[in-house]
Amino acid sequence: MQRYKIGDVSKIVDMPAETIRFLEQKGLISPEKNEETGYRFYSVWDINRILDYKKFRQIGFSSGETIKLVKDSGFSELLEQLDVKKKESVYLSHYYQAKALKLKNFQAVLNNVPNLIGKYYILNRPENYSLFTRSHSGSGLKMTDARDTQGGFEEITGQYPFVEHIYRLKKKELELPANLEEAEWGFTVKKYWVNRMGIQLLPGMEHLSPTTCLFTIISLEEKEYFTRAALTNVFSYMEEHHYTLCGDILGIFIASVLEGNRNVRYMELWVPIREDGKELPHYDEYKRDELRRIFG
Numbered sequence: 014m015q016r017y018k019i020g021d022v023s024k025i026v027d028m029p030a031e032t033i034r035f036l037e038q039k040g041l042i043s044p045e046k047n048e049e050t051g052y053r054f055y056s057v058w059d060i061n062r063i064l065d066y067k068k069f070r071q072i073g074f075s076s077g078e079t080i081k082l083v084k085d086s087g088f089s090e091l092l093e094q095l096d097v098k099k100k101e102s103v104y105l106s107h108y109y110q111a112k113a114l115k116l117k118n119f120q121a122v123l124n125n126v127p128n129l130i131g132k133y134y135i136l137n138r139p140e141n142y143s144l145f146t147r148s149h150s151g152s153g154l155k156m157t158d159a160r161d162t163q164g165g166f167e168e169i170t171g172q173y174p175f176v177e178h179i180y181r182l183k184k185k186e187l188e189l190p191a192n193l194e195e196a197e198w199g200f201t202v203k204k205y206w207v208n209r210m211g212i213q214l215l216p217g218m219e220h221l222s223p224t225t226c227l228f229t230i231i232s233l234e235e236k237e238y239f240t241r242a243a244l245t246n247v248f249s250y251m252e253e254h255h256y257t258l259c260g261d262i263l264g265i266f267i268a269s270v271l272e273g274n275r276n277v278r279y280m281e282l283w284v285p286i287r288e289d290g291k292e293l294p295h296y297d298e299y300k301r302d303e304l305r306r307i308f309g
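In our numbering, the protein residues as written are 14 to 309.
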């Protein structure tokens, strides 16, 4: 029977010689050794096992799992392990389809940002779940240590890109002097993605119900806090149109981009409003539907 040196085998199976030696150490292949020269000679059966190893590694099994499957597994164990990988593949297919959809939506948001600055629309804010971990007020910054969230921080940040960054100005805080108002920061995920991706809701997450809002896009300097001072134009617009604030103001971070020699942060702004005694105005339905599809 034809025998092959390790260099030949490496070329035949396109695998580093170090990996072939590793598989020999693990007992997956058994080359003949010439005791006088120290050379090892591999048979076609060794090559077959190496190719089996490559096949199962490509399926997604670890090196240790693959060696056991090729060397020591019967039908039942092989079927069981393949079923695990099949379920993983179904999940990954679902995940990457959802991720592609989310990234497509992100692109649509970015494309619309320049055209929505300083423009206002009445939209229904999407239902979401939010976790606030930081705040800023006249007394300074308060930051929650990730280690104090009992794994919550890792869980929520592990769900990017479906999770976004959120800012909140509570309505009751806006009635306080400017130096006492408090802005909160944290993470948010829309109910749509919670349901589609099976995202686990953390104990500290707040359910934010959908509500009618004044919607626009605002920009902030890179180190500018999200406070009432940053919303002067929004409040002026509300006063001019006789809108009354009726809930907490939310900002959803979009992106920080370089403009000239400075970084500018853009975010969606959702301001809960009502107009006493009147029905809120409706804009062009096509535009409303387009914005609802992109930002809803």
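Cβ atoms here follow ideal geometry from the backbone N, Cα and C, with glycine treated the same way. If you're wondering where the values come from, they're calculated on a predicted model, not measured in any experiment.
Query - For Val26 and Leu82, believed in contact at Cβ under 8 Å, the rounded distance - result: As a first step, residue 82 is located in the sequence shown; it is residue number 69 there, counting from the start. As a first step, residue 26 is located in the sequence shown; it is residue number 13 there, counting from the start. Not really, about 18 Å apart at Cβ, beyond 8 Å.
Requested in this report: Identify which residue in Thr257, Gly273, Gln110, Phe228 has its Cα closest to the Cα of Gly309.
Outcome: On the sequence shown, position 296 is the one that residue 309 refers to. The shortest C-alpha separation from Gly309 is found at Phe228.
**Report entry** 6 Å CB neighbourhood of Gly290 in its chain, flanking five on each side removed
**Finding:** Residue numbering aside, residue 290 sits at position 277 when the sequence shown is read from its first letter. Any reading at Gly290 needs caution, since the residue's pLDDT is 49, under 50, leaving its predicted position unreliable; the model's value is listed next. Within the same chain, Gly290 has no close Cβ partners at all.
Query raised in the report: In whole angstroms, what separates the C-alpha of Ala30 from that of Met218?
Result: By one-based count along the sequence shown, residue 30 stands at place 17. By one-based count along the sequence shown, residue 218 stands at place 205. Approximately 52 Å, taken between the alpha carbons.
**Report entry** Contact check, Arg138 vs Thr257, beta carbons under 8 Å
**Finding:** Position 125 of the sequence shown holds residue 138. Position 244 of the sequence shown holds residue 257. Contact flag unset, no.
Requested in this report: Spell out the partners DSSP gives Ala268 in its beta bridges.
Outcome: To locate residue 268, count along the sequence shown from 1; it is residue 255. For Ala268, which the question treats as bridged, DSSP gives the partners Tyr279.
Requested in this report: Look up Glu197 in the DSSP assignment and give the residues it is bridged to.
Outcome: Translated into positions along the sequence shown, residue 197 becomes position 184. Beta-bridge pairing links Glu197 to Ser148, Arg181.
**Report entry** Distance, Ser222 Cα to Gly260 Cα
**Finding:** One-based indexing of the sequence shown puts residue 260 at position 247. One-based indexing of the sequence shown puts residue 222 at position 209. Their Cα atoms are separated by approximately 11 Å.
**Report entry** Straight-line Cα distance separating Leu154 from Ile179
**Finding:** The count along the sequence shown starts at 1 and reaches residue 179 at position 166. The count along the sequence shown starts at 1 and reaches residue 154 at position 141. Each residue's alpha carbon lies about 16 Å from the other.
Query - Rounded C-alpha distance that separates Ala243 from Leu233 - result: For the purposes of this step, residue 243 is taken as residue 230 along the sequence shown, with counting starting at 1. For the purposes of this step, residue 233 is taken as residue 220 along the sequence shown, with counting starting at 1. The alpha-carbon atoms of Ala243 and Leu233 are separated by roughly 7 Å.
Query raised in the report: According to DSSP, what are the bridge partners of Ser43?
Result: Numbered from its first residue, the sequence shown carries residue 43 at position 30. According to DSSP, which records beta bridges pairwise, Ser43 is partnered with nothing at all.
Requested in this report: Would you verify that the beta carbon of Val284 is, or is not, closer than 8 Å to some beta carbon of chain C?
Outcome: This model lacks chain C altogether; it includes just one protein chain.
Report task. Label Glu281 either buried or exposed according to how many other C-beta atoms from any shown protein chain fall within 10 Å of its C-beta, with 16 as the threshold for buried. Result -> In the sequence shown, counting from the first residue as 1, residue 281 sits at position 268. So Glu281 counts as buried.
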